[in-house]
Amino acid sequence: MSKNAAIAELLEEMANYYDLDEEIWKQRAYAKAARIISGLGQDIEELYEQGGTKALIALQGIGKGIAETLQEYLNTGKIKELLAMRKKYPGIADMLRVQGIGPKHAKVLHTTLKIRSLEDLKKAAKNHKIRALQGFGEKSEQDILEGITLLEQTKGRQLLGVALGYAREIKASLQQHPSIQKVQISGSLRRRKETIGDLDFLITSTHPKEAITYFTSLPEVTRVITKGNSKASVILNIGMNADLRVIDKKSWGAALQYFTGNKDHNVALRQLAIKKGYKLSEYGLFKGTLRIAGTSEKEIYAALGLAYIEPELRTHTGELEHAKNNTLPTLITQNDIKGDLHMHTTWSDGIASSEEMIRACMKKRYQYLAITDHSPSQRLANGLDKKQLLEHLKELRTLQKKYNIQVLFGSEVDILADGQLDYPDELLAQLDVVVASVHTRFKMSKTEMTKRICTALQNKYVTILGHPTGRLLKERKGYDVDFDKVFDCAKKQGVAIEINAQPQRMDITDSLIRRAIAQGVMLCITTDAHSTEQLNTMELGVGLARRGWAEKKNILNTKTWKSLEKYIKRRRQ
DNA sequence: GCCGTTTTCGGCCCGACTGTTTTCAGTCG
Ligand SMILES: Nc1nc2c(ncn2[C@H]2C[C@H](O)[C@@H](COP(=O)(O)OP(=O)(O)OP(=O)(O)O)O2)c(=O)[nH]1
Ligand SMILES: [Mg+2]
Ligand SMILES: [Mg+2]
Ligand SMILES: [Zn+2]
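And the structure:
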């Protein structure tokens, strides 16, 4: 994942330049390639190092030409053609970031007004130089100024855990309106992507215009971007955009399919429809003017000869082929979860007591929980020394007698720089569950880090490898690790790979989950909760697991306590 | 530029909203 985002941006930039040159198909190909790479999950550099150009071309949507561009960048750190384009069109990339300015307008501004920067653009708008141009007017000049201001205010993508909370509040407000019947959170939220660009809502309404006006007048709305008879787009006080789409209930399934995406999945599905002699839009699947499907998503997929595809799988990464062959996985659900094996208490850096965590887990009807406070190296997080660890153990054994839920005594033990664990084996032997995690010395080489982690996994007391990539969304990338090797070790040793559901971690990634499953590795969804409230992030972890094509059998904490107990015992033999 | 259980050439998703149009192009989802 290291360079993927940066490379996707470069390809996107190139796509924009091709657009200016009216190379419309090249533009589409590059834009698509950018989307593919940004959603890839696997480090494109790693892919190239291991499989060469062939591995790049093997990606659906990347062919000889773009593979060459990628190769040039990975080998030399630059793309000659891009540099030339930047020279030809200075300042255009910035202009295109302004809401409402596309390639056509940008080009006019660039050539006729010689605009080279956002500063130039602002000045031109303020001096009313823009309104006179062909295709522009007073309003669009004003919009440009506002667009620049908004650009300066916009934050990036938001964490799923945060965005989902906001979306549920808006959903509740929408449900208040008498003309609104169904409300469905859609887009990337429904696909449970780990970061969210905007909040998308699909509704049915007996009075669409009133419903839309209600939406654009919500107290959270700070600005209305567009407002029509079937959809509206607004900016919310939380710094995110929200889109509303109103649809007749006979088109509900088609609209939900459309509004859930992702874009590439939609386009591929529509292409399939064409191939079969149909037309697919948000209004339905049509043969000529006859609607042959549209009330439910299932009906649409079925009419196209496909099994139903769960939203989390709609990423255009092979799901259509599997749907056609009826080989899609039966995804894990929240109901399958029997316990939580990673959480913290006031003994280290949590804010709830052991007893509070136990009671909260009972309320969730879990069969078991593991309390896993930090080890001594985590000084800032109040890591437990030997004496404290044994006291904590005593506390938990006492609490166990009081509650009818299996209370597992665990620890999140640091993996030290040399791969040794932060407690000696004789202490680890007294623990029921050990989550081993890297918390320090991130900047090792890939070889060293891989060796470090594999060494740790060889300790027979390790149950779970904690937050395996070490990424913190919006903050830092993961460390360099060879996951094929790590998965190999995990498989051999019988260690589970964690799917950490903390909103900022969401660690490990969806595509790595898919690879882990392909390699036969067990995974475990945990919340890493530091409060009782945070135990609720389990749903985010389940969403992430589903994005990784995980079935119940792939997830350790779907096991009953009896079966889990056996699993842990076997590991320690 | 990419792609192919009807194709290696000729297609490439489809529709809403807006401003500037005098019939629709541009932008966005
Ligand atoms: N058919 C089609 N559908 C699109 C297109 N663009 C967007 N959509 C659909 C699929 C998207 O998931 C949905 C919502 O659009 P968004 O721009 O909000 O994207 P999405 O929510 O997937 O990601 P986000 O996190 O908001 O960036 O609309 C398009 O060009 N064609
Ligand atoms: Mg969205
Ligand atoms: Mg949207
Ligand atoms: Zn933890």
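Residue numbers (the numbering used here): 99 to 671. Think of the CB as a built atom: it goes at the ideal place given N, C-alpha and C, for glycine as much as any other residue. On a predicted model such as this, the values are computed, not experimentally measured, just so you know.
CB D141 to CB G198, shorter than 7 Å? no
Taking only heavy atoms of ligand 2 into account, decide whether any of them is closer than 6 Å to the Cβ of G285. yes
Say the cut is 6 Å; is the CB of D298 nearer than that to a heavy atom of ligand 2? yes
Quick check: what's the CA-CA separation for L482 versus K178? 55 Å
Cβ shell of A204 (< 6 Å), same chain only, five flanking positions each side left out: I190, M193 and L194
Since E239 is in the alpha helix (DSSP H), which residue starts that stretch and which ends it? E236 to Q251
S535: buried (16+ other C-beta within 10 angstroms of its C-beta) or exposed? buried
Same chain, Cβ closer than 7 Å to A588, neighbours up to 5 away in sequence not counted: L555, L563, I595 and V619
Taking the alpha carbon of Q602 as the point to measure from, which residue in I228, A261 and E170 has its own alpha carbon closest? A261
Out of N360, H565, T545 and Y559, which one is the CA nearest neighbour of H133? Per the sequence shown, the amino acid found at residue 133 is Arg instead of His. Ranking N360, H565, T545 and Y559 by Cα distance to R133 puts N360 first.
If I measure Cβ to Cβ from M112 and keep anything under 8 Å in the same chain, skipping five residues before and after, which residues do I get? Y128, T167, I177, E179, L180 and M183
What is the DSSP secondary structure of E121, reduced to helix, strand or coil? coil
I'd like to confirm something about E236: is its beta-carbon nearer than 6 Å to some heavy atom of ligand 4, or not? no
Neighbourhood of E110 by C-beta, 6 Å cutoff - its chain only, sequence neighbours within 5 removed: A132
Taking the beta carbon of A265 as the centre, do at least 16 other beta carbons fall within 10 Å, making it buried, or is it exposed? buried
In three-state terms, what does DSSP make of E509? It should be noted that the sequence gives Ser, not Glu, for residue 509. Residue state, collapsed to three classes: strand.
Top-ranked residue by Cα proximity to D586, from K253, Q617, F299 and I456: Q617
Using CA atoms only, rank isn't needed, just tell me which of I597, L211, A515 and S475 is closest to E703. For residue 703 there is no data in the structure shown, the boundaries of the chain being 99 and 671.
Please go through the same chain and pick out, in chain order, the residues whose beta-carbon is closer than 6 Å to the beta-carbon of N335, but skip the five residues on each side of it. E318 and T320
Cut-off 8 Å between Cβ atoms - residues of its own chain near S475, not counting five sequence neighbours on either side: G481, D512, L514, D520, H537 and T538
Closer than 8 Å is the cut-off here; do at least three beta carbon pairs connect the segment 302–312 with the segment 328–344? yes
Could you spell out the range, first to last residue, of the alpha helix (DSSP H) harbouring L662? W659 to R670
Could I get the ranges of all uninterrupted alpha helix (DSSP H) runs contained in the segment 178–219, with 4 residues as the minimum, in chain order? 178–186, 190–194 and 201–210
Three-state secondary structure (DSSP) at K275? A small correction: the amino acid at residue 275 is His; Lys does not occupy that position in the sequence shown. Of the three classes helix, strand and coil, the one that applies to H275 here is coil, per DSSP.
Quickly, what does DSSP pair I623 with across the bridge? List them, please. I597
Residues passing the C-beta test against ligand 4 heavy atoms, cut-off 6 Å: H440, H442, E510 and D626
Where A330 sits in the DSSP three-state scheme: strand
Using 8 Å as the threshold, is the segment 354–371 in touch with the segment 409–417, meaning 3 or more CB pairs across them? yes
Distance, Cα to Cα, A230 vs G200? 18 Å
So G254 and K572 are in contact, right, with Cβ under 8 Å, and what is the actual spacing, rounded? 7 Å
Touch test, the segment 627–642 against the segment 276–294, Cβ-Cβ under 8 Å, three pairs minimum: yes
Look at the alpha carbon of L378 and the alpha carbon of F384, and state the distance between them as a whole number of angstroms. 6 Å
Between the C-alpha atoms of A371 and I278, what's the straight-line distance to the nearest angstrom? 31 Å
Let's see if you can read the secondary structure: which residues bound the beta strand (DSSP E) around A340? N339 to V344
For R389, the first and last residue of its enclosing beta strand (DSSP E): L388 to A391
Report yes if the CB atom of P566 is closer than 7 Å to the CB atom of I503, and no otherwise. no
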